[in-house]
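S.K.: Top to bottom, those sequences are chains A and B. Mapping the first sequence onto the numbering used here, position 112 (from 1) lands on 114, and the numbers just tick up by one. Mapping the second sequence onto the numbering used here, position 67 (from 1) lands on 90, and the numbers just tick up by one. In this text, a Cβ means the ideal position worked out from N, Cα and C, and glycines have one as well. For reference, the structure I am asking about is given below.
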Amino acid sequence: MASVVLSEAEKLYIVHGVQEDLRVDGRSCEDYRCAEVETDVVSNTSGSARVKLGHTDILVGVKAEIGTPKLEKPDEGYLEFFVDCSANATPEFEGRGGEELGTEIANTFYRVFSCESTVDLKSLCINPRDHCWVLYVDVLLLECGGNLFDAVSIAVKAALFNTRIPKVRILESEEGSKEIELSDDPYDCMRLNVDEVPCIVTLSKIGYRHVVDATLQEEACSLASLLISVTSKGALTSIKKLGKGSLDPESIFEMME
Amino acid sequence: LRGHGTYVDEEKLIASVAGVVERVNKLVCVKALKTRRAYNGEVGDIVVGRITEVQQKRWKVETNSRLDSVLLLSSMNLPGGELRRRSAEDELAMRDYLQEGDLISAEVQSVFSDGAVSLHTRSLKYGKLGQGVLVQVSPSLVKRQKTHFHDLPCGASVILGNNGFIWIYPTPEQKDEEAGAFTTNLEPVPLSDREVISRLRNCIVALVTQKLMLFDTSILYCYEASLPHQIKDILKPEVMQEIVLETRQRLLDLEG
């Protein structure tokens with residue numbers, strides 16, 4: 003992750019503040035920053051969203067294309083994630099620097115969405131074994147201001163909500179092969195049900211306590227963090243640990259509360 | 024007389040850039056407000072900077088300018104009196120005084136021809152900064168004043184660096200006489216002081232987003248206007264606009 007250098011005294015101040023439940027900007031350990039979500043920002047995509055969480059700025063575009071289903075799941079469509087850490091975000095992402103972080107975020111999302119009930123993949127099927135909708139989700143990191151995973155997950159959920167997939171009709175032609183006809187009407191489309199799409203919550207451990215929505219300075223003081231993706235009903239889909247420090251099992255249960 | 028940023032149109036003096044008017048005797052010039060993203064050093068300015076490198080006889084300091092500033096070992100206060108010659112042992116012990124990442128307050132001694140700034144901490148009030156909060160703003164929003172070290176009556180102190188780095192810290196109880204104060208106070212800061220510091224930080228961020236000039240009176244008025252709200256609410260857009268509007272009103276009343 004992008005990091006900022008702090009003096010020892012500053013780090014000490016932040017750590018003590020977290021212990022007393024008063025962070026540098028007055029939030030308590032469980033408060034989020036003000037988030038701005040905008041949908042339908044990119045015109046030539048099927049769906050898009052832009053999220054600003056403090057200094058973190060994320061742009062997500064979803065394009066729906068027709069492809070062949072995977073062999074092991076012939077009657078479902080699927081999602082493909084690609085994360086691009088642009089050099090605009092921080093100088094560390096120049097050249098190939100952002101690729102590692104990008105693949106890490108993309109792999110996290112594959113795990114998050116690997117659960118069956120998150121997105122109704124069967125609705126993305128057109129012809130079993132032949133055609134299905136593939137949703138290419140492209141994430142662009144415009145500015146990195148701490149707490150990337152949460153912001154990206156909010157943006158992905160908003161973009162999927164905004165996605166419009168054109169309705170298709172299957173026609174049987176004379177030779178027996180099936181042809182697909184896309185409806186020309188731009189308003190004749192189906193939307194995805196994103197109620198079950200999980201959001202990621204990152205808990206960073208600072209001192210003996212954990213904070214939600216850490217800024218860049220707070221991330222520099224934390225040794226380890228836990229990424230939990232949770233749906234609106236409270237079901238967990240995946241957990242991941244980041245960082246060099248170690249987490250006590252009891253503190254993990256505390257964080258999950 | 025007309026200076027930079029103005030032009031004459033039909034016998035009237037008109038500003039050609041959006042900014043602050045500066046009058047020196049009969050010379051009128053307008054300094055642009057928005058374009059100054061980088062700090063241009065001028066002799067006598069107070070700056071707050073972060074050490075990026077420790078080199079042979081000097082430190083490189085980051086001050087939000089195009090080139091890193093330089094703090095020479097000979098410009099630094101050393102314990103044991105001012106007039107000591109810098110020996111080889113001092114060079115080797117440089118890292119004990121200031122490490123990478125440390126924050127210092129210093130004054131601009133001179134400006135090199137390429138625009139790089141040379142700093143000095145030759146007074147007891149400058150030196151390494153201890154516990155506190157740093158806020159980074161655009162350099163053009165910091166008003167030029169007689170003094171940039173302010174002890175606010177609400178309970179915290181603030182250093183308004185001309186380069187846009189603003190340092191908020193708890194007011195030290197006694198005025199220590201240690202030279203340069205190299206040993207930082209590592210005791211935990213009490214909760215009441217923390218609340219004042221966080222509130223000040225949010226107020227400064229609010230003033231910056233609404234493009235109001237930063238000086239001790241504006242920060243103080245903003246702090247008082249924000250008291251009815253909770254600290255974390257100050258960053259909400261509606262609350263921010265309300266507080267800054269009140270501050271602006273009080274400042275206009277002060278002038279008028």
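#1: Could you tell me if B/Gly184 is buried or exposed, where buried requires 16 or more neighbouring beta carbons within 10 angstroms of its beta carbon?
#2: Quick check: what's the CA-CA separation for A/Cys127 versus A/Glu183?
#3: Counting only beta-carbon separations shorter than 8 Å, does B/Gly203 have a partner in chain A?
#4: Indicate the three-state DSSP secondary structure (helix, strand or coil) for B/Arg256 in the structure shown.
#5: In whole angstroms, give me the CA-to-CA distance for B/Ile227 and B/Pro195.
#6: Drop a sphere of 10 angstroms on the beta-carbon of B/Val158, count the other beta-carbons inside from all chains shown, and report buried for 16 or more, exposed for fewer.
#7: Name the chain B residues that come within less than 7 Å of A/Val260, Cβ to Cβ?
#8: Going straight from the alpha carbon of A/Val158 to that of A/Phe115, what length do you get?
#9: I need the DSSP call for A/Gly63, collapsed to helix, strand or coil.
#10: Whose CA, out of B/Thr270, B/Leu94, B/Arg25, B/Gly153, lies closest to the CA of A/Leu14?
#11: Exposed or buried, which one is B/Tyr192 when buried takes at least 16 other CB atoms within 10 Å?
#12: Grab me the residues of A/Val64's own chain with a C-beta within less than 8 Å of its C-beta, minus the 5 sequence neighbours each way, in chain order.
#13: Grab me the residues of B/Ser241's own chain with a C-beta within less than 7 Å of its C-beta, minus the 5 sequence neighbours each way, in chain order.
#14: At a CB-CB cut-off below 7 Å, which residues of chain D make contact with A/Gly19?
#15: Please report the residue range of the beta strand (DSSP E) in which A/Glu221 lies.
#16: Which of the three DSSP states, helix, strand or coil, is assigned to A/Arg193?
#17: Can you tell me the Cα-Cα spacing of B/Thr144 and A/Cys87, whole angstroms?
#18: Leaving out the 5 sequence neighbours to the left and right, which residues in its chain are closer than 6 Å to A/Ala153 when beta-carbon positions are compared?
#19: Between A/Cys146 and chain B, is there a C-beta pair that is closer than 8 Å?
#20: Against A/Ser9, what residues of chain B qualify as contacts under a CB-to-CB distance less than 7 Å, listed in chain order?
#21: Measuring CA to CA, which of A/Val214, A/Leu73, A/Ala11 is closest to B/Gly124?
#22: Taking only the alpha-carbon atoms, compute the straight-line gap between B/Ala179 and B/Pro213 and give it to the nearest angstrom.
#23: Look at the alpha carbon of B/Gly203 and the alpha carbon of B/Met99, and state the distance between them as a whole number of angstroms.
#24: Whole-angstrom Cβ separation of B/Val44 and B/Val31, contact assumed at under 8 Å?
#25: Just reading off the alpha helix (DSSP H) that B/Leu223 is part of, what are its end residues?
#26: What are the residues that DSSP puts in a beta bridge with A/Ile172?
#27: Which term fits B/Tyr244, buried or exposed, when burial requires 16 or more other beta carbons within 10 angstroms of its beta carbon?
#28: Span of the alpha helix (DSSP H) holding B/Ala41?
#29: Could you give the first and the last residue of the continuous alpha helix (DSSP H) run that contains A/Asp152?
M.R.: So, to answer that:
#1: Classification for B/Gly184: buried.
#2: Whole-angstrom Cα-Cα distance: 14 Å.
#3: Low local confidence applies: a pLDDT of 43 at B/Gly203 is under 50, so the model's placement there is unreliable, and no value is given.
#4: Looking at the sequence provided, one finds Asp at residue 256 of chain B rather than Arg. In the displayed model, B/Asp256 falls within a helix according to three-state DSSP.
#5: Between the alpha carbons of B/Ile227 and B/Pro195 lies a gap of roughly 21 Å.
#6: Label assigned to B/Val158: buried.
#7: Outside the modelled stretch of chain A, which goes from 3 to 259, sits residue 260 of chain A, for which no answer is possible.
#8: Approximately 11 Å between the Cα atoms of the pair.
#9: Reduced to three states, the DSSP call for A/Gly63 is strand.
#10: The option with the nearest alpha carbon to A/Leu14 is B/Gly153.
#11: Counting Cβ neighbours within 10 Å, B/Tyr192 comes out buried, since at least 16 surround it.
#12: Correct list, in chain order: Thr47, Ser48, Gly49, Ser50, Leu137, Tyr138, Val139, Asp140, Ala161, Leu162, Asn164, Thr165.
#13: Within the same chain, Cβ atoms closer than 7 Å to the Cβ of B/Ser241 are found at Leu230, Leu235, Thr270, Leu274, the five residues on either side in sequence being excluded.
#14: The question asks about chain D, but that chain is absent: this structure's protein chains are A and B.
#15: Taken as a continuous stretch (DSSP letters only), A/Glu221 belongs to no beta strand (DSSP E), being part of the alpha helix (DSSP H) at 218 to 223.
#16: Residue state, collapsed to three classes: strand.
#17: B/Thr144 and A/Cys87 have their C-alpha atoms some 40 Å from each other.
#18: Around A/Ala153: Val53, Leu55, Thr58, Ile60.
#19: Chain B has no Cβ within less than 8 Å of the Cβ of A/Cys146.
#20: Close to A/Ser9, with beta-carbon spacing below 7 Å, are these residues of chain B in chain order: Gly124, Asp125, Leu126.
#21: Of the listed residues, the one whose Cα sits closest to B/Gly124 is A/Ala11.
#22: The alpha-carbon atoms of B/Ala179 and B/Pro213 are separated by roughly 12 Å.
#23: Bear in mind that the predicted position of B/Gly203 carries a pLDDT of just 43, short of 50, making it unreliable; the figure below should be weighed with that in mind. So the two alpha carbons sit approximately 9 Å from each other.
#24: With 8 Å as the limit, B/Val44 and B/Val31 do not qualify as a contact, their Cβ atoms being about 15 Å apart.
#25: B/Leu223 -> alpha helix (DSSP H) spans 214 to 232.
#26: Its beta-bridge partners are A/Ile182.
#27: It is buried - the Cβ of B/Tyr244 has at least 16 other Cβ atoms within 10 Å.
#28: Unbroken run through B/Ala41: none, as it is neither H nor E.
#29: Looking at the DSSP string, the run of the alpha helix (DSSP H) that includes A/Asp152 is 150 to 164.
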